[in-house]
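Notes follow the structure.
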Amino acid sequence: MTDIEPVVRIGSRPSAMAIAMSRQVIARLGEVAPLARFEHVLVSTTGDEWKGPLHEIGGKGSFVTELDQAQLAGRFDIGVHSSKDRDGLPDGLELVFLAREDARDVLISRTGAGLDGLPGDATVGTSSPRRAAQLRRGWPHLQVAAARGNADTRLAHLDSGRYDAVVLALSGMRRLGLEHRVTAILEPDVLLPAAGAGIVALSVRVGDHPAASLAAWLADTDATACVTAERAVLAGLGGSCLSAIAAHATPAPGQRLRLRAAVYAPDGSHAVDVTETGAATHPEDLGLEVAGLLREKGAAELLGPHGGHCG
-9 MTDIEPVVRI GSRPSAMAIA MSRQVIARLG EVAPLARFEH VLVSTTGDEW
41 KGPLHEIGGK GSFVTELDQA QLAGRFDIGV HSSKDRDGLP DGLELVFLAR
91 EDARDVLISR TGAGLDGLPG DATVGTSSPR RAAQLRRGWP HLQVAAARGN
141 ADTRLAHLDS GRYDAVVLAL SGMRRLGLEH RVTAILEPDV LLPAAGAGIV
191 ALSVRVGDHP AASLAAWLAD TDATACVTAE RAVLAGLGGS CLSAIAAHAT
241 PAPGQRLRLR AAVYAPDGSH AVDVTETGAA THPEDLGLEV AGLLREKGAA
291 ELLGPHGGHC G
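Residue numbers (my numbering): -9 to 301.
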């Protein structure tokens, strides 16, 4: 327990998903600081307002730039983020990682058919190059279409017939109370997750010791090691939000990590895949090693001139 008694301002985007994550964070922080009072500060970002392709406004960074600026300006104390949406941080901010919820993706189809049961002309909606490339590789008969908007919007498009199925994150469906809509959970050997998938990250200002100490109560050692290894893969490969990279680490016996990462051609025609284990105490080294092995197998040719980080 802690005796901190301030007003603690929690900042997030105004999306339903970000609000749900923030409510969970506030509830957990309230358990360790029962005398604190929490205020939720909503910050709209360029990505929230934009309706076109994300790469035209800087990819996933468009969802966090204004949020980071607001935090650095002192509008709130602790920011709430989805780890897979954080490619980097500006100077002055640092991240704390919460326990991983579930990294897996899910399929939601109108008919209840799984990926293998969808007809050849079925359209599957996703906004993720990682998901799209894996779908094209494993199920080349399906039509993969770009799907923007939050989970509610994509499900509404599914229900209206725009798509026959959509692929979303299991953790997000659970946060929104929509797990009953899931047709099939896609295991990592079916659809390899994004780096940071299922992990909530809290941002705090460097030197803001009260906020940092409060956020640290929720830090999870395993999740921190896993996401550090996964993010090191991305860093080792270079990055934009135009290419398909997957990276998923899991704890292994003997204080080890098992890390699998893959890079896909956008059309799914080619892929390189590496699995390695390493010390959980040096997760960044493991991630950079895997990135190097992927490059040796030809990842650079698949990434092209854009590099790659994407959910």
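A virtual CB, placed ideally from N, CA and C, is assigned to each residue, including glycine.
Which residue's Cα is closest to the Cα of residue i: the options?
i: residue 194; options: 56, 3, 24, 79; result: 79
i: residue 211; options: 66, 90, 288; result: 90
i: residue 276; options: 223, 35, 258; result: 223
i: residue 161; options: 11, 5, -1; result: 11
i: residue 243; options: 268, 255, 220; result: 268
i: residue 94; options: 282, 214, 32, 240; result: 240
i: residue 172; options: 104, 56, 81, 82; result: 104
i: residue 265; options: 18, 254, 274, 279; result: 279
i: residue 207; options: 69, 86, 7, 13; result: 86
i: residue 184; options: 88, 131, 22, 77; result: 77
i: residue 139; options: 258, 30, 248, 118; result: 118
i: residue -2; options: 20, 9, 5; result: 20
i: residue 251; options: 258, 284, 260, 9; result: 284
i: residue 2; options: 22, 23, 32; result: 32
i: residue 255; options: 120, 35, 18, 14; result: 120
i: residue 73; options: 287, 159, 143, 288; result: 159
i: residue 27; options: 111, 18, 116; result: 18
Quick one: what's residue i bridged to in DSSP?
i: residue 175; result: 96
i: residue 135; result: 115
i: residue 158; result: 96
i: residue 153; result: Paired residues: none, contrary to the question.
i: residue 252; result: 236, 263
i: residue 0; result: 30, 68
Could you tell me the boundaries of the alpha helix (DSSP H) in which residue i lies?
i: residue 291; result: 289 to 293
i: residue 189; result: It is not in any alpha helix (DSSP H) - residue 189 carries neither H nor E in the DSSP assignment.
i: residue 183; result: Segment: none, residue 183 is in no alpha helix (DSSP H) and carries neither H nor E.
i: residue 277; result: 273 to 286
i: residue 21; result: 6 to 22
i: residue 60; result: 55 to 62
Going by DSSP, what residue range makes up the beta strand (DSSP E) through residue i?
i: residue 147; result: Run containing residue 147: none in the beta strand (DSSP E); it sits in the alpha helix (DSSP H), 141 to 150.
i: residue 265; result: 261 to 269
Measure the C-alpha to C-alpha separation of residue i and residue j and round it to an integer number of angstroms.
i: residue 198; j: residue 109; result: 54 angstroms
i: residue 128; j: residue 81; result: 40 angstroms
i: residue 202; j: residue 226; result: 28 angstroms
i: residue 114; j: residue 135; result: 6 angstroms
i: residue 153; j: residue 168; result: 18 angstroms
i: residue 165; j: residue 175; result: 15 angstroms
i: residue 205; j: residue 274; result: 22 angstroms
i: residue 245; j: residue 146; result: 44 angstroms
i: residue 209; j: residue 218; result: 13 angstroms
i: residue 46; j: residue 292; result: Low confidence applies here, because residue 46 scores a pLDDT of 42, under 50, leaving its location unreliable; read the following figure in that light. Those two C-alpha atoms are separated by around 21 angstroms.
i: residue 122; j: residue 25; result: 46 angstroms
i: residue 179; j: residue 248; result: 14 angstroms
i: residue 228; j: residue 282; result: 11 angstroms
i: residue -4; j: residue 236; result: 40 angstroms
i: residue 125; j: residue 200; result: 45 angstroms
i: residue 272; j: residue 141; result: 35 angstroms
i: residue 29; j: residue 253; result: 41 angstroms
i: residue 186; j: residue 216; result: 8 angstroms
i: residue 41; j: residue 213; result: In this predicted model, residue 41 has a pLDDT of only 48, less than 50, meaning its place in the structure is not dependable enough to derive any value.
Please go through the stretch 69 to 111 and give each complete beta strand (DSSP E) segment of 3 or more residues, from N-terminal end onward.
-> 83 to 87, 95 to 99
Within the stretch 194 to 247, ranges of the alpha helix (DSSP H) (whole runs, at least 4 residues) = 199 to 206, 211 to 227
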